[in-house]
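A.B. asks: If you're matching positions, the sequence shown starts at 1 in my numbering and goes up one per residue.
Encoded as structure tokens, here's the structure I'll be asking about.
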Amino acid sequence: MVSFIKYSFKKGLSLGRLDIKMLQVGMLGTNCYIVMDDETKEGYIIDPGGEARKVIDTADSLGLKCVGVLCTHGHMDHVGAVGKVAEATGAMVYISKEDSGALSGSVQGIGAKLGSLVTSKPKSCELISQGDRFEFGGHTLEVFRTPGHTTGSLSFLCEDNLFCGDLVFQGSIGRTDLRGGSMGELLQSVKSHVFTLPRNARIWPGHGPSTTVGAEKTSNPFLRSLGGGA
Ligand SMILES: [Zn+2]
């Protein structure tokens, strides 16, 4: 397990408010998120999937001190601008071991299937997994392993905000027919790491609008077998 204690000196002193900025990037309208503390301005960029300039300009306009670029998974529509954004911000890139091939170019086929290629690869990345924690400006962001859409899909939980990539969408779920996908694993991931959260916890998915755990328990037709109930 890797422990990111570099930013832990403010642990426990919730200095400021957690700000979340969502911007849509690329041809598939991928949600890229900027998650930051409004006082210290420290924060993370999650899934810069394309349009590096737009992501960098937005981060600059918010005054973001980017302390890391986080990837929910290795599909090209989520990692397409990772290299350029990492270079511009000087931040380290974090991804799961299983999906890290997408950043080194060792994975074939997925890019072609999704109709795009990694246009900018980072110089290096650090591998993260279940239980890793990032601390910034008095906030904690926790890493969960949530396979199903890809083998190495991760979700990031920050104060009742779950950034889940292509695990769950409002009223839908991520594809499981691509390489590394598994419907059984996806349902288990949702059961273990989404449906265990409070009903009012907010889900920030990789595509489409945000939703809540309660709304998806009640009305997501793909998750009915998990018995979320009303
Ligand atoms: Zn994907």
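C-beta atoms are modelled at their ideal positions from N, C-alpha and C, and glycine is treated no differently.
Owing to the predicted nature of the structure, the values given are computational and were not obtained by experimental measurement.
#1: So what does DSSP say about Ile56, is it helix, strand or coil?
#2: Please classify Asn200 as buried or exposed, where buried requires at least 16 neighbouring CB atoms within 10 angstroms.
#3: Using CA coordinates, which residue listed in Ser219, Gly165, Arg53 is at the minimum distance from His207?
#4: Starting from the Cα of Ile45, find the closest Cα among Gly29, Asp19, Met27, Glu39 and give me that residue.
#5: Please list, in chain order, all residues of the same chain as Gln188 whose beta carbon is under 7 Å from its beta carbon, the five residues on each side excluded.
#6: By Cβ distance, which residues of its chain are closer than 6 Å to Lys84, with the 5 residues on each side in sequence left out?
#7: Rounded to the nearest angstrom, how far is the Cβ of Glu127 from that of Phe134, given a contact under 8 Å?
#8: Check whether the Cβ of Asp166 sits closer than 6 Å to any heavy atom of ligand 1, and report yes or no.
#9: With a threshold of 6 Å (Cβ to nearest heavy atom), would His207 be considered close to ligand 1?
#10: Report yes if the C-beta distance between Leu162 and Ile203 is below 7 Å; otherwise report no.
#11: Given this structure, state the Cα-to-Cα distance separating Val232 from Thr58, to the nearest angstrom.
#12: With DSSP as the reference, label Gln188 as helix, strand or coil.
#13: Does the beta-carbon distance from Pro122 to Val67 come in below 7 Å?
#14: With burial defined as no fewer than 16 other Cβ atoms inside 10 Å of the residue's Cβ, what is the status of Ala112: buried or exposed?
#15: Closer than 6 Å to a non-hydrogen atom of ligand 1 - does that hold for the CB of His193?
#16: Only counting runs of 3 or more residues, tell me where the beta strand (DSSP E) segments fall wholly within the stretch 144-179, in order along the chain.
#17: Classify Gly180 as buried or exposed, calling it buried when 16 or more other Cβ atoms lie within 10 Å of its own Cβ.
#18: Go ahead and label Met27 buried or exposed: buried means 16 or more other beta carbons lie within 10 angstroms of its beta carbon, across all protein chains shown.
#19: Under 6 Å from any heavy atom of ligand 1, does the C-beta of His75 make it?
#20: Where DSSP assigns a beta bridge to Cys66, which residues make up the other side?
#21: Met92 and Leu64 - do their beta-carbons sit closer together than 7 Å?
#22: Mind checking whether Gly171 and Phe195 have CB atoms under 7 Å apart?
C.D. replies: Reading off the structure:
#1: In the sequence shown, counting from the first residue as 1, residue 56 sits at position 56. Ile56: helix per DSSP, three-state reduction.
#2: The residue given as residue 200 occupies position 200 in the sequence shown. Per the 10 Å Cβ criterion, exposed.
#3: For the purposes of this step, residue 207 is taken as the residue at position 207 of the sequence shown. Closest option to His207, Cα to Cα, is Gly165.
#4: Stepping through the sequence shown from its first residue, residue 45 is reached at position 45. If we check each option's Cα against that of Ile45, Asp19 comes out closest.
#5: Numbered from its first residue, the sequence shown carries residue 188 at position 188. Closer than 7 Å at Cβ, skipping near neighbours: no residue.
#6: Here the question's residue 84 lines up with position 84 in the sequence shown. Excluding residues within five positions, the ones whose Cβ falls inside 6 Å are Ala52, Ser120.
#7: Within the sequence shown, the letter at position 127 stands for residue 127. Within the sequence shown, the letter at position 134 stands for residue 134. One detail in the question is off: residue 127 reads as Leu in this sequence, not Glu. About 14 Å separates the two Cβ atoms, so there is no contact after all.
#8: The count along the sequence shown starts at 1 and reaches residue 166 at position 166. Under cutoff, so the answer is yes.
#9: Numbered from 1 along the sequence shown, position 207 holds the residue referred to as residue 207. His207 Cβ: outside cutoff for every heavy atom of ligand 1.
#10: Locating residue 162 in the sequence shown gives position 162, where the first residue counts as 1. Locating residue 203 in the sequence shown gives position 203, where the first residue counts as 1. Contact flag set, yes.
#11: Because the chain here runs from 1 to 230, residue 232 falls outside it and cannot be looked at.
#12: What you label residue 188 is simply residue 188 of the sequence shown in a count that begins at 1. Reduced to three states, the DSSP call for Gln188 is helix.
#13: Here residue 122 is taken as the residue at index 122 of the sequence shown, counted from 1. Here residue 67 is taken as the residue at index 67 of the sequence shown, counted from 1. The answer is no: Cβ separation not under 7 Å.
#14: The sequence position of residue 112 within the sequence shown is 112, counting from 1. Because Ala112 sits at a pLDDT of 44, beneath the cut-off of 50, its placement in the model cannot be relied upon, and the following sentence gives the value as read from the coordinates. Exposed: under 16 other Cβ atoms inside 10 Å.
#15: Position 193 of the sequence shown, counted from the start, is the residue given in the question as residue 193. For ligand 1, not one heavy atom lies less than 6 Å from the Cβ of His193.
#16: 154-157, 161-165
#17: Taking the sequence shown and counting its residues from 1, the one referred to as residue 180 is at position 180. That one is buried.
#18: In the sequence shown, counting from the first residue as 1, residue 27 sits at position 27. The residue is exposed, with fewer than 16 neighbouring Cβ atoms inside 10 Å.
#19: Sequence index remark: in the sequence shown, residue 75 carries index 75 (1-based). Yes, ligand 1 has a heavy atom inside 6 Å of this Cβ.
#20: By 1-based counting over the sequence shown, the position of residue 66 is 66. Its beta-bridge partners are Gly43.
#21: As a first step, residue 64 is located in the sequence shown; it is residue number 64 there, counting from the start. As a first step, residue 92 is located in the sequence shown; it is residue number 92 there, counting from the start. No, Cβ-Cβ distance for Leu64 and Met92 is not below 7 Å.
#22: To locate residue 171, count along the sequence shown from 1; it is residue 171. To locate residue 195, count along the sequence shown from 1; it is residue 195. Contact flag unset, no.
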